[in-house]
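Chains as they are written, first to last, in my numbering: chain L, 3 to 69; chain H, 38 to 294.
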C-alpha cells in the first residue's frame, strides 16, 4: 500500500506550460475569492458594503483586521 | 510494474479535492465559530453600541444599528465567509501540493497534505496571530485599518517565509545527522525569521482601556480555535480524499497489468 520507499520520480500528466497557466489562473481566482471574503469593502464586489457586512462575523473570527 | 497507480493525478483532480476539503472544513470551522465565537461577538457589539450612544461614531466607522445586514443575517453570513474562505484555502493547498510534487521526497499523499496544512497553520495563522491577534468589534481604530491590513498581510507572508526557513534548516543538516540536530536547525531557521519580523514590524495598541480583558481573551481563543479547526479539517479531509483517489486509481490500473 505504502509507496513512500519507491525511488521512481513522479510523472506529470499535464504539459508543463499548460500546467503553469492553469496554476496561475487558479491562484488568481482563489486570491480574488480570499480578497472578497477577507478584505473587500465594496470596491471589487460592486455590492456596496453588503457582502462586507454579510461576512462581518466571519472576518472577525477568522482573525482578519476588520475595523 | 503498475506505473499508472503511482502516476501523479492531473492538477484539476487534485484541485477539486482541495476545494471540496476546504469547503467542508470551512463549514466545520463556521460551526465551531458559531458556538464558540458568536456569544463574544455579540457581547463586543453590545459594548460598541453602548459607547456609540455617548459618542457619535467617526466617519467611516461601522454603525451596527443601521447596518445593511441584520445581526441574524451576519450570524448566517459567518458560514458563507468560512465556507468560501475554506474553499479558497483548500484550493491553494492543492495548488501548493501540485507545485511541490516534483521536489517532495515521499509518495505518501496523506503525509504531504497534512504537512502542508500544518505549515499553513503555523506560518499563515499562528505566527501572524501572535503579532496581530484577532480583534472583536469595538476594538481597533478605523483610522488605521489600511495600515493594519497591509502589515497583517505582510506578517502572513513573513510567517510562511519563517516556515520555509525552517524547512531549509532541516534539509541543510544531512539526513545522516541525528534527528535532534535537524530539528534544532529547523527551529533555528523558523525562530530567526519570526523573531526578526516581530521586532521589525510595527505594533498597534488599540484596545480601549475599559474593554473587558476576559472578553478579549475569550474572543481571541475562539478565533484561533476557528483557524485550528479549519486547517486541521483541510489537512485531514484532503489527505483522506487523496488516499481514496489513489486507491481507486490503483484498483483501476490493476486489470490492465
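All residues carry an ideal CB built from backbone N, CA and C; glycine is no exception.
**Study point:** Cβ pair residue 185 of chain H, residue 169 of chain H closer than 9 Å
**Key:** Within the second chain, residue 185 of chain H is the residue found at index 148, counting from 1. Within the second chain, residue 169 of chain H is the residue found at index 132, counting from 1. For residue 185 of chain H and residue 169 of chain H, yes; Cβs fall inside 9 Å.
Review point. What separation, rounded to the nearest whole angstrom, lies between the Cα atoms of residue 62 of chain L and residue 215 of chain H?
Key: Walking along the first chain from the start, residue 62 of chain L turns up at place 60. Walking along the second chain from the start, residue 215 of chain H turns up at place 178. Their backbone Cα atoms lie some 43 Å apart in a straight line.
Point to revise | Residues of its chain near residue 234 of chain H, where Cβ-Cβ distance is below 6 Å and the 5 sequence neighbours each way are ignored | key: Along the second chain, one-based indexing puts residue 234 of chain H at 197. Same-chain partners within the cutoff: 195.
Review point. Near residue 74 of chain H, what residues of its chain come up, given a Cβ to Cβ distance below 6 Å and the 5 sequence neighbours on each side ignored?
Key: Counting from one through the second chain, the residue named residue 74 of chain H turns up at place 37. For residue 74 of chain H, where only same-chain residues beyond five positions count, the Cβ hits under 6 Å are 259.
Check your understanding: What separation, rounded to the nearest whole angstrom, lies between the Cα atoms of residue 139 of chain H and residue 115 of chain H?
Key -> Walking along the second chain from the start, residue 139 of chain H turns up at place 102. Walking along the second chain from the start, residue 115 of chain H turns up at place 78. Near 37 Å, if we compare the C-alpha coordinates of residue 115 of chain H and residue 139 of chain H.
Point to revise | Per-residue DSSP class, three states only, for residue 244 of chain H | key: Here residue 244 of chain H corresponds to residue number 207 of the second chain, with the count starting at 1. Here residue 244 of chain H sits in coil by DSSP.
Exercise for review: Enumerate, from N- to C-terminal direction, the unbroken alpha helix (DSSP H) stretches of 4 or more residues contained entirely within the segment 60-97 of chain H.
Suggested key: 75-91
Exercise for review: Going by CA-CA distance only, name the one from H/48, H/192 and H/202 that's closest to residue 22 of chain L.
Suggested key: Your numbering for residue 22 of chain L matches position 20 in the first chain. Ranking H/48, H/192 and H/202 by Cα distance to residue 22 of chain L puts H/48 first.
**Study point:** Min CB distance residue 42 of chain L to chain H below 9 Å
**Key:** Here the question's residue 42 of chain L lines up with position 40 in the first chain. By this cut-off, residue 42 of chain L is not an interface position.
Point to revise | Range of the contiguous alpha helix (DSSP H) that encloses residue 58 of chain L | key: In the first chain, counting from the first residue as 1, residue 58 of chain L sits at position 56. Element bounds for residue 58 of chain L: 58-64.
**Study point:** CA nearest to the CA of residue 254 of chain H, picked from H/80, H/212 and H/205
**Key:** Within the second chain, residue 254 of chain H is the residue found at index 217, counting from 1. Minimum Cα distance to residue 254 of chain H is reached at H/80.
Point to revise | Between the CA atoms of residue 26 of chain L and residue 20 of chain L - distance to the nearest angstrom | key: The sequence position of residue 20 of chain L within the first chain is 18, counting from 1. The sequence position of residue 26 of chain L within the first chain is 24, counting from 1. Taking the straight line joining both Cα atoms gives about 10 Å.
Check your understanding: Helix, strand or coil: how does DSSP classify residue 49 of chain H here?
Key -> Mapped onto the second chain, residue 49 of chain H falls at position 12. Residue state, collapsed to three classes: helix.
Review point. Between the Cα of residue 36 of chain L and the Cα atoms of H/83, H/117, H/106 and H/77, which residue gives the shortest distance?
Key: Indexing the first chain from 1 puts residue 36 of chain L at position 34. Cα-wise, what sits closest to residue 36 of chain L is H/117.
Check your understanding: Can you list the residues of chain L that residue 186 of chain H reaches, using a CB-CB cut of under 7 Å?
Key -> Within the second chain, the letter at position 149 stands for residue 186 of chain H. The contacting residues are 41 and 67.
**Study point:** Interface residues of chain H facing residue 24 of chain L [CB-CB closer than 7 Å]
**Key:** Along the first chain, one-based indexing puts residue 24 of chain L at 22. Neighbours of residue 24 of chain L on chain H, chain order: 48.
Point to revise | For residue 228 of chain H, the nearest candidate out of H/46, H/200 and H/145 (CA to CA) | key: Stepping through the second chain from its first residue, residue 228 of chain H is reached at position 191. That would be H/200, whose Cα lies nearest to the Cα of residue 228 of chain H.
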